[in-house]
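The sequence shown: position 87 = 87 (full-length UniProt numbering), numbered continuously.
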Amino acid sequence: MANSLTLSPAAATRIAKIAEKQGKPAVLRLSVEGGGCSGFQYKFDLGEPEAEDVISETGDVKLVVDPVSLDLVAGSTVDFVESLGGAAFRVENPNAAAGCGCGSSFGI
1 MANSLTLSPA
11 AATRIAKIAE
21 KQGKPAVLRL
31 SVEGGGCSGF
41 QYKFDLGEPE
51 AEDVISETGD
61 VKLVVDPVSL
71 DLVAGSTVDF
81 VESLGGAAFR
91 VENPNAAAGC
101 GCGSSFGI
């Protein structure tokens, strides 16, 4: 499905831990905003799904995306990676034609 989104097991586990610590539902909102060094940037928040959101579930954890952002991230996978440089959520976006070193900015 072209509009599909995937939340990796590693990302789902991390979201569940963060949500439990903050006393919030295990729902990660991915949105796209203008800006960043490549034109667009990813934004992550915890929160409840809204009526028009597209929802992907991995176990008890949900990934939600609004319809406007979905056009830019359709087919993406959200992962959580830990390395010597730190730990972060990473979006593997097949629509991105360009990216930057920080991994949170992309261009179409």
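All residues carry an ideal CB built from backbone N, CA and C; glycine is no exception.
Bridge partners - residue i, DSSP secondary structure assignment
i: L30; result: F44, V65
i: T58; result: V61
Residue i versus residue j: straight-line alpha-carbon distance, rounded
i: A11; j: I18; result: 11 Å
i: S8; j: V78; result: 6 Å
i: G35; j: Y42; result: 9 Å
i: V32; j: F40; result: 7 Å
i: F80; j: E57; result: 15 Å
i: A16; j: F89; result: 13 Å
i: G86; j: E20; result: 21 Å
i: V94; j: Q22; result: According to the sequence provided, residue 94 is Pro. The question's Val does not apply to it. Going by the C-alpha atoms only, they are around 32 Å apart.
Residue closest to residue i, alpha-carbon to alpha-carbon, out of the options
i: E82; options: L5, S4, T6, T13; result: T13
i: A96; options: L84, S76, F80, G85; result: S76
Burial state of residue i, where buried means 16 or more other Cβ atoms lie within 10 Å
i: I55; result: exposed
i: L5; result: buried
i: L30; result: buried
Check whether residue i and residue j have beta carbons under 8 Å apart
i: residue 117; j: D66; result: Shown here, the chain extends from 1 to 108; a query on residue 117 therefore has no answer.
i: L70; j: F44; result: no
i: V91; j: V73; result: yes
i: L46; j: K62; result: no
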